[in-house]
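Numbering (this note's numbering), first residue to last: 86 to 573. All C-beta atoms, glycine included, are put in the ideal place defined by N, C-alpha and C.
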Ligand SMILES: *Cc1c(COP(=O)(O)O)cnc(C)c1O
């Protein structure tokens, strides 16, 4: 045995692939039967993690079977994020085609960080970005970047806007978003050098949408104070309630005031790919930049976000660089990932998107996206009919939020009951819901923060049967809680 060789014989690799594919397929065949929450709980989770701690790497290797046993033994002790009942947070997907793309990308291990490393393969990634651009109806000047997720896409967008509009005056730059904007915006702003005291959280209307009048007032006030308003981030679907900000009106204000308009479409932008749903996101293609999350709206496994920048030069100016060891004459009209993003060496994220769109075809993906919206509308209509359910946020896209009440219930009792509702529904194991607490700057600010339960339909495995189960479980749990409360 040659100890220094890491090459495995072909028949060993063949057996490893067979072993792995058997486990993968067994897992996927049963994903619909798994408890939709998984066997989780704070105390048990902590104890398990402590038991798993291993401070030194093993000196000797182990059999793949043993390692897969370990892994698949742990999977049920996590949220069932790839299951049909995952209606919590913003569901991801885990579409199978992406796993195939990762396998072929990782085994060929071509260098796709630069154009010259693998020109025709980088072209596939450029095509995939161009398809996303087309889905968003952005112009041909647009260039994009695959990122690890929506947060990194937004971070890059903020850097673009900062470089273009602030120059040396970083400390004076002011960024605007609503109180409902994703927390990654504040975090990205800090990473991009924008101080926390320069990030404005603007109030929302009764549908949780950014109030454009408040935006205009805030810009004027900051100008008077000698600051430099430079960026407004609107949401094409918030994580809390799925609210879509008035993108056209925000674009008008941004154009008038000379601000960069970034749209956080991590949850909702892919609904624009369906022509019949475009009115829900009117104004989206006017954005200076858009965050997309193929690992949400295009059903991919986690690890793939994307940024589109309307004037591709704005993105290139931030990132292009050269090195003494690069071959000459590489500046060209060809897409070069390292000239549009911070990474040099990286995986091949474009292949996941390219292979998935090629394999299924765009029409089938659009049909799946449209179906998720239709399922959410159906679920919301039926859940709104359940006695005691108050629909606080009907679906603008595929997410809605509600709370539970009964005659004589106090505000605190409603909040507690809504939390109990989510627990009881999730305990049943067919669907997993998550909640949000909304208060503060909304028009409902006269009230203390309200607990809402939310349903977000975006996982490709969620179909009508699971929505029916969701409606049944909400009805049953609501009935139990109300009966208990009114007996007291
Ligand atoms: C998920 C999400 C993000 C963050 O994206 P990641 O891919 O998790 O980094 C930002 N904004 C919205 C609206 C989201 O739903």
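Proximal residues to residue 543 (C-beta, below 7 Å), its chain only, five neighbours per side dropped: Within the same chain, residue 543 has close Cβ partners 175, 176, 381, 382, 457, 483.
Cα-Cα separation, residue 293 to residue 265: The straight-line gap from Cα to Cα measures roughly 7 Å.
First and last residue of the uninterrupted beta strand (DSSP E) at residue 376: 374-377 is the span of the beta strand (DSSP E), which, as asked, contains residue 376.
Residue from 538, 336, 248 with nearest C-alpha to residue 403: Distances from the alpha-carbon of residue 403 to those of 538, 336, 248 put 248 closest.
Whole-number beta carbon distance between residue 119 and residue 161, since they are thought to touch under 8 Å: So it is a contact: roughly 7 Å between Cβ atoms.
Euclidean distance between Cα positions of residue 279 and residue 346: Each residue's alpha carbon lies about 16 Å from the other.
Pair within 7 Å by beta-carbon distance, residue 326 and residue 267: Contact flag unset, no.
Any non-hydrogen atom of ligand 1 closer than 6 Å to residue 417 Cβ: No, the Cβ of residue 417 stays beyond 6 Å of every heavy atom of ligand 1.
Counted within 10 angstroms of its Cβ, other Cβ atoms place residue 564 as buried (16 or more) or exposed: By the neighbour-count criterion, in which 16 or more other beta carbons inside 10 Å mark a residue as buried, residue 564 falls on the exposed side.
Residue 232 - containing beta strand (DSSP E), residue span: Counting along the chain, the beta strand (DSSP E) containing residue 232 begins and ends at 228-232.
Whether residue 453 touches residue 545 by CB criterion (7 Å): For residue 453 and residue 545, yes; Cβs fall inside 7 Å.
Residues sharing a beta bridge with residue 390, DSSP: In the DSSP secondary-structure assignment, residue 390 is bridged to 232.
Stretch pair the region 217-234 + the region 386-396: three plus CB contacts closer than 8 Å: Touching, yes, given that three or more Cβ pairs across the two stretches are closer than 8 Å.
Check whether residue 348 and residue 328 have beta carbons under 7 Å apart: A distance of 7 Å or more separates the beta carbons of residue 348 and residue 328.
Beta-bridge pairing of residue 349 - partner residues as DSSP gives them: According to the DSSP secondary-structure assignment, residue 349 is paired through a beta bridge with 320, 376.
Validate contact between the region 209-216 and the region 438-454 using beta carbons, cut 8 Å, 3 pairs: Of all C-beta pairs linking the region 209-216 to the region 438-454, three or more are shorter than 8 Å, placing the two stretches in contact.
Near ligand 1: residue 330 beta-carbon under 6 Å from a heavy atom: Not so, every heavy atom of ligand 1 lies at least 6 Å from the Cβ.
Residues that residue 538 bridges to, as DSSP identifies them: Per DSSP, 487, 520.
Own chain, CB closer than 6 Å to residue 527, minus 5 neighbours either side, in chain order: Unreliable placement is indicated for residue 527, whose pLDDT of 41 sits below 50; no coordinate value is reported for it.
From 475, 109, 366, 131, residue whose alpha carbon lies closest to that of residue 503: For the residues 475, 109, 366, 131, the minimum Cα distance to residue 503 belongs to 475.
Backbone CA spacing between residue 318 and residue 369 [nearest angstrom]: Taken atom to atom, the span from the alpha-carbon of residue 318 to that of residue 369 is near 12 Å.
Proximity of residue 195 and residue 186 at Cβ, strictly below 7 Å: Note that the C-beta distance between residue 195 and residue 186 is not below 7 Å.
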